[in-house]
Amino acid sequence: MDTIDVIIPAREGRAFEIRTGQRLKIVDVQGQQVADFVAFNLHNLDEFLSVCHTRGMLGSLRPQRGHPLYTSLRNAIVLLEEDTVGVHDMLFAPCDRKRYALDYGDPNHPGCRDNLHKALGGRVPYARIPDTVNWFMNVPWTPDGHIEIIEPVSGAGDHVVLRAEMDALVAISACPQDRNPCNAFKPTELHVQIF
């Protein structure tokens, strides 16, 4: 199996194929940078990592080290093997041009859904890009159900390592959000290794 070592530039996305047993390491190079992540069964793109199914299977709003993440068919697709941060989000959908148009009056601002779709090269239709696991995103919640985006707690070099539980097509967006604290108002690059 090939090893991959690549930088995803700020505001861009990349896609990769990973095989069962391979590790995918996502590094927050400078700190406070969110990585929007999707994954699909490589042999059946109709089966995808589902944050809704994952929350239900785990009984948790965020993944922790040792947790598998589940597909829409309740199969483990990746397992969170290492995590130096412990604060991630599985509530917010990926940002997109329409969100920037509605919330900020900027319909031309790039978004994670756009980055993921482009990275996947048309293999998954735009409208079928699923909700993301947002590595390093900091979204606290209150007992009354209020959620808020605040600055990430991740620092330079913080990372997660995912072990593939099935052959998968994955895509990662270095989130371009610069209008709220999601990336501390300064999107930066991500470092990805597959081994």
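Just so we're aligned, residue 12 is where the sequence shown starts under my numbering, counting upward by one. Quick reminder that beta carbons are idealized off the backbone N, C-alpha and C, glycines included.
The C-beta separation of ARG22 from PRO163 comes to about 16 Å, leaving the pair out of contact by the 8 Å criterion.
By the 16-neighbour rule on beta-carbons within 10 angstroms, ARG85 is exposed.
Three or more beta-carbon pairs separated by less than 8 Å are not found between the segment 128 to 138 and the segment 87 to 94, which leaves the two stretches without contact.
A buried status is given to GLN43, since no fewer than 16 other beta-carbon atoms sit within 10 Å of its beta-carbon. By the Cβ rule, the segment 65 to 76 does not count as touching the segment 41 to 55, because fewer than three pairs are nearer than 8 Å. Between VAL38 and HIS128 the beta-carbon gap is near 24 Å, outside 8 Å, which marks them as no contact. Per the coordinates, the alpha-carbon of ALA138 lies some 13 Å from the alpha-carbon of CYS123. As computed with DSSP, ILE37 is found in a beta bridge with VAL171 and VAL203. Linking LYS36 to TYR115 through their CA atoms gives a straight-line distance of about 33 Å. If you check the CB distance, HIS99 and TRP146 come in under 8 Å. Counting C-beta atoms within 10 angstroms of its own C-beta, ARG110 has 16 or more neighbours from the protein chains shown and is therefore classed as buried. Runs of alpha helix (DSSP H) with 4 or more residues, each lying fully within the segment 51 to 139, are found at 62 to 69, 108 to 115 and 123 to 130, listed in chain order. Distances from the alpha-carbon of LEU56 to those of VAL181, VAL89, ASP107 and ARG34 put VAL181 closest.
Straight-line measurement puts the Cα of LEU60 at about 23 Å from the Cα of THR14. Sorting PHE206, LEU102 and ARG34 by C-alpha distance to the C-alpha of LEU72 places LEU102 at the top. Following the DSSP letters along the chain, one finds GLY24 inside the beta strand (DSSP E) bounded by residues 24 to 29. Only exposed fits HIS157, as fewer than 16 other CB atoms lie within 10 angstroms of its CB. Counting the other Cβ atoms within 10 Å of the Cβ of ALA26 gives 16 or more, which makes it buried.
Leaving aside the five residues that flank ASP189 on each side, the residues in its chain whose CB is nearer than 8 Å to its CB run, in chain order, PHE196, LYS197 and PRO198. ILE183 is the residue among ASP16, ILE183 and VAL62 whose C-alpha sits nearest the C-alpha of GLY24. The straight-line gap separating the alpha-carbon atoms of PRO154 and ASN191 is approximately 23 Å.
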